[in-house]
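Trainee: Before we start, here is the structure in question, set down as structure tokens.
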Amino acid sequence: MPTNCGACGYAGCFNVAEAIASGEVPVDFCPVAGEKTSLMIAEIMGAKADSEKTKKVARVFCRGGNKEAKNVAEYQGVMDCKAANAISGGHKGCAFGCLGFGSCAAACPFGCIIMNENGLPVIDEDTCTACGLCVKACPRNLIELVDKSKTIHVGCTSKDKGRDVRRVCSIGCIACRACVRVCEFDAIKVIDNIAIIDYEKCTNCGKCAEVCPTKTIQSILLKEEAVRA
Numbered sequence: 000m001p002t003n004c005g006a007c008g009y010a011g012c013f014n015v016a017e018a019i020a021s022g023e024v025p026v027d028f029c030p031v032a033g034e035k036t037s038l039m040i041a042e043i044m045g046a047k048a049d050s051e052k053t054k055k056v057a058r059v060f061c062r063g064g065n066k067e068a069k070n071v072a073e074y075q076g077v078m079d080c081k082a083a084n085a086i087s088g089g090h091k092g093c094a095f096g097c098l099g100f101g102s103c104a105a106a107c108p109f110g111c112i113i114m115n116e117n118g119l120p121v122i123d124e125d126t127c128t129a130c131g132l133c134v135k136a137c138p139r140n141l142i143e144l145v146d147k148s149k150t151i152h153v154g155c156t157s158k159d160k161g162r163d164v165r166r167v168c169s170i171g172c173i174a175c176r177a178c179v180r181v182c183e184f185d186a187i188k189v190i191d192n193i194a195i196i197d198y199e200k201c202t203n204c205g206k207c208a209e210v211c212p213t214k215t216i217q218s219i220l221l222k223e224e225a226v227r228a
């Protein structure tokens, strides 16, 4: 486990150790320590760590890679998402989508993120520590920390109207509400032209992913099964 990664917000591991020792923060404060290490720290401190804390992972809420999302300009600047985003919003036709330069991958101190051939970040959920550094690195706020147990998510954040989304991306959400109609648990709604899942209500049934006409909504489990097949 890398030291002094800064995911906790302190200057380094020594500083957060001091904070834990003084009682300023809880014994399981380190976001990358993991359950085993947190329990060891708790034992040393004579305290209790939350052994049932929900495992979180980083997920990318955009599926518009080079094949799906159209470019409207040729970018020739620094190969960095923040830099590209600062230049007229980047080269992509979608003002909300992934720019594909891998700032998130560069920010990950654990090597959990790679950029695939389609120009999209792929996160290894088995090694992801949910440190949140990739979340901070994305200038378009496309990465979120979510419960690993929640396997359905919407791979789009565009708030444009459906017809405008279709002009720039073949896989973006078009706000058709097919997912809303099929959900039996009232776990998904369309707000500002984008489908939003309420993870407190979602049961991972996958029906919304099945009816999504653009395949914006995906099931992590179905995706993994397809890879194994």
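Going by numbering that gives the first Met the number 0, the first residue of the sequence shown is number 0, and it counts up by one from there. Where a beta carbon is used, it is the ideal one built from N, C-alpha and C, also for glycine. It should be emphasised that the depicted structure is a prediction, and the values quoted were computed from it without experimental measurement.
1) Once you ignore the five residues that flank residue 143 on each side, which residues in its own chain have a CB closer than 8 angstroms to its CB?
2) Among residues of its own chain, excluding the 5 on either side of residue 227, which ones have a beta-carbon nearer than 6 angstroms to its beta-carbon?
3) In the structure shown, what three-state DSSP assignment does residue 143 receive?
4) Using the C-alpha atoms, what's the distance from residue 41 back to residue 47?
5) Residue 84 and residue 139: beta carbons closer than 8 angstroms?
6) Contact between the stretch 166-183 and the stretch 200-215 is defined here as three or more beta-carbon pairs at a separation below 8 angstroms; is this criterion met?
7) Beta-carbon within less than 8 angstroms of residue 70's beta-carbon, same chain only, minus the 5 sequence neighbours each way: which residues are those?
8) Which value, in whole angstroms, describes the spacing of the CA atoms of residue 148 and residue 29?
9) Using a 10 Å radius around the Cβ and a threshold of 16 neighbouring Cβ atoms, would you call residue 37 buried or exposed?
10) Quick check on residue 225: does DSSP put it in helix, strand or coil?
Mentor: Let's see:
1) 57, 58, 60, 134
2) Confidence in residue 227 is poor, its pLDDT being 41 and thus under 50, which makes the residue's placement unreliable; the coordinate value appears in the next sentence. Here the set comprises nothing.
3) strand
4) 5 angstroms
5) yes
6) yes
7) 90, 91, 92
8) 21 angstroms
9) buried
10) Confidence is the limiting factor: at residue 225 the pLDDT is only 40, short of 50, which leaves the residue's position unreliable and the question unanswerable from this model.
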